[in-house]
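*Asks:*
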Amino acid sequence: MVDPDAAGLPGRDLTIGEVSAVAGVSADALRYYERTGLMRDPVPRDESGRRSYGIRDLRWVVFITRLRCSGMPIGMIRRYAELARRGEETALDRLTLLQEHRRNVRAQLDELARAMDVIDHKISLYRGMGDTFMLEKTTLGATGIDVGVIGLGCMGMSAFYTGAGQDDAEAVRTIRRAVELGCTLIDTAEVYGPYANEELVGRALKGIRDEAVLATKFGVLSHLEGGVRRYDGRPENVRLAVEGSLRRLDTDRIDLYYQHRPDPSTPVEETAGALAELVEEGKILAYGLSEADPETIRRAHAVHPVAAVQTEYSLWTRDVEEEVLPTLRELGIALVPYSPLGRGFLTGRIRDVGSLDRTDFRRSNPRFTGEALEANLRIVDRVEEIAAEAGAAPAQVALAWLRAKGGEGRDVVPIPGTRKIARLEENLTSASVALTGEQIAALDALPRPSGDRYQDMKHLTGIGPVRDAD
């Protein structure tokens with residue numbers, strides 16, 4: 003866009019092409035201005051019927067084009083043009099309108115400045131990664147097994163989420179990149195797919211198996227009953243399950259083997275005893291529990307030390323803080339939070355379920371629908387505000403908050419899931435995000451989310467249908 007007074011214009015009226023060149027808009031845009039009432043004065047025609055713009059028209063075109071570039075809505079520009087056509091008597095109204103728009107522009111500039119801070123921060127993090135970035139390590143409970151302070155949940159690569167199973171090659175690249183960056187705890191389960199996710203992880207770790215800490219889960223499928231979905235912690239089922247997972251993962255041992263859900267019909271002591279035998283045999287290095295209450299954890303731990311407990315924990319699921327986390331710290335057991343980003347909600351990229359695949363379980367999840375969604379979006383809005391303050395992405399803030407909950411012992415190892423390398427790297431660089439005490443306190447003070455975690459909460463206690471998404 004050229005300043006009309008410095009454009010060296012000819013001493014005559016201008017054609018639409020000349021105005022287009024000076025104003026930096028197309029001829030079609032100029033016709034649109036005229037057709038929709040954005041011009042202050044009617045554009046005259048010459049003898050041949052072609053538009054003939056005077057310098058006053060040109061200055062107006064440049065002015066309203068700048069208004070458009072600054073984000074003024076078309077309706078507001080039209081209103082300004084209407085006022086201008088009425089003459090000097092509307093000067094105060096035009097002033098009021100421009101002042102309102104200036105406030106809007108300044109707010110947009112402030113938002114853009116915050117966005118630039120985030121972008122600059124991420125660029126500096128990624129530049130710092132290069133070949134030198136390596137995720138810090140922590141020890142998984144009392145096992146002596148070292149893992150990166152953030153792991154990778156692989157479920158969404160094969161099941162339950164939008165895009166699952168659509169690009170295994172991309173998923174393999176993401177898993178291998180994770181291990182390369184020190185994100186060594188790779189989490190899967192036999193029920194994801196079912197079976198497909200374990201096979202995918204096995205392919206991804208081919209040639210780098212010893213660099214990873216491989217975790218999988220059993221107990222949601224009964225191999226004693228032909229693989230039907232029901233909780234089964236019987237020792238015989240444990241034996242059948244581990245052999246299947248070893249085969250699909252193409253490995254000679256499983257580093258961390260979870261019971262996916264407690265089996266209410268089998269005493270946990272029997273299940274833990276079978277797992278202890280597998281540790282003795284070297285088929286697994288350690289075992290864990292998932293979604294277990296403190297009493298179950300204590301009973302299993304008394305048979306053989308539990309290495310880790312996996313359960314949902316994030317800014318919108320904090321039940322674990324009341325009893326489970328204190329129990330784990332008393333016993334020296336690591337906490338591995340699944341869905342640490344609130345099933346993607348805390349990233350700020352989900353404002354409704356319309357963009358999700360028809361098969362995505364979140365479309366019917368109570369927290370993503372109706373009034374609960376509206377209430378939960380207010381939580382995300384606050385996370386985004388703190389992210390802007392911290393110069394980080396919302397997902398990084400959510401993970402940094404969890405890391406802070408791990409304290410100096412670093413006994414909280416979240417496993418955010420993603421299929422994409424860019425999201426993986428964003429998640430891992432959250433380890434470099436340091437929240438202030440005030441920011442952590444503000445996050446702690448967020449309201450609890452609206453809606454249940456699952457459409458059917460019975461499955462968390464081993465009663466009712468199995469509809470896991472963790």
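Residue numbering for the sequence shown follows the working numbering, beginning at 3 and increasing consecutively.
Cβ coordinates follow ideal geometry from the N, Cα and C atoms, glycine included.
The model shown is predicted, which means the values in this text are computed figures rather than measured ones.
So, helix, strand or coil for G356, using DSSP?
*Replies:* In the structure shown, G356 sits in coil (DSSP, three-state: anything other than H, G, I, E or B).
*Asks:* If we call anything under 7 Å between Cβ atoms a contact, is I286 one with V215?
*Replies:* Not a contact, by the Cβ cut-off of 7 Å.
*Asks:* Considering only DSSP beta bridges, list what L187 is partnered with.
*Replies:* Paired residue(s): V215.
*Asks:* According to DSSP, simplified to helix, strand and coil, what is A304?
*Replies:* A304: helix per DSSP, three-state reduction.
*Asks:* Roughly how many angstroms separate the alpha carbons of V149 and G334, rounded to a whole number?
*Replies:* Going by the C-alpha atoms only, they are around 16 Å apart.
*Asks:* Does the count of Cβ pairs from the stretch 382-402 and the stretch 432-444 closer than 8 Å reach three?
*Replies:* Yes: at least three Cβ pairs fall under 8 Å.
*Asks:* Which whole-angstrom value is the C-beta distance of A482 and L142, which I expect to be below 8 Å?
*Replies:* What the structure shows of the chain is the stretch from 3 to 472, and residue 482 is not part of that stretch, so it cannot be assessed.
*Asks:* Just the C-alpha distance for E427 and R88, rounded to the nearest angstrom, thanks.
*Replies:* One C-alpha to the other measures close to 57 Å.
*Asks:* What separation, rounded to the nearest whole angstrom, lies between the Cα atoms of R205 and R421?
*Replies:* Those two C-alpha atoms are separated by around 15 Å.
*Asks:* Kindly indicate the opening and closing residues of the alpha helix (DSSP H) around Y35.
*Replies:* From DSSP, the alpha helix (DSSP H) with Y35 extends over 29-37.
*Asks:* Quick one: using the 10 Å Cβ neighbour count with 16 as the cut-off for buried, is M74 buried or exposed?
*Replies:* Counting Cβ neighbours within 10 Å, M74 comes out buried, since at least 16 surround it.
*Asks:* I need the straight-line Cα distance from I121 to G393, nearest angstrom please.
*Replies:* Answer to the nearest angstrom: the Cα atoms are 8 Å apart.
*Asks:* Given that a residue counts as buried once 16 or more other Cβ atoms are within 10 Å of its Cβ, and exposed if not, what is R450?
*Replies:* Its Cβ having fewer than 16 others within 10 Å, R450 is exposed.
*Asks:* What is the DSSP secondary structure of L401, reduced to helix, strand or coil?
*Replies:* The answer is helix: DSSP assigns L401 an H, G or I state.
*Asks:* Span of the beta strand (DSSP E) holding L226?
*Replies:* Counting along the chain, L226 falls outside any beta strand (DSSP E), and DSSP gives it neither H nor E.
*Asks:* I'd like to know whether the C-beta atoms of A310 and G284 end up nearer to each other than 7 Å.
*Replies:* No, the Cβ-Cβ distance between A310 and G284 is not below 7 Å.
*Asks:* When you compare each of L317, T67, S224 to V382 by their alpha carbons, which one comes out closest?
*Replies:* It is L317 whose Cα lies nearest to the Cα of V382.
*Asks:* Going straight from the alpha carbon of R384 to that of I210, what length do you get?
*Replies:* So the two alpha carbons sit approximately 40 Å from each other.
*Asks:* Going by DSSP in three states, Q168 sits in which element: helix, strand or coil?
*Replies:* Here Q168 sits in coil by DSSP.
*Asks:* Might you give, ordered along the chain, the residues of its own chain that have their beta carbon closer than 8 Å to the beta carbon of C185, omitting 5 neighbours on each side?
*Replies:* The answer, listed in chain order, is L137, G150, I152, G153, L154, L426, L430.
*Asks:* Please go through the stretch 74-147 and give each complete beta strand (DSSP E) segment of 3 or more residues, from N-terminal end onward.
*Replies:* You should have 139-141.
*Asks:* In terms of residues, what are the limits of the alpha helix (DSSP H) holding T67?
*Replies:* Taken as a continuous stretch (DSSP letters only), the alpha helix (DSSP H) holding T67 covers 57-71.
*Asks:* With distances taken between CB atoms, is the gap from H262 to G228 smaller than 7 Å?
*Replies:* Not in contact: H262 and G228 (Cβ atoms no closer than 7 Å).
*Asks:* Quick one: grab the DSSP three-state call for A479.
*Replies:* Shown here, the chain extends from 3 to 472; a query on residue 479 therefore has no answer.
*Asks:* Quickly, what does DSSP pair A288 with across the bridge? List them, please.
*Replies:* Paired residue(s): L258.
*Asks:* Please report the distance separating the alpha-carbon of E391 from that of V27.
*Replies:* If you take the alpha carbons of E391 and V27, they lie about 37 Å apart.
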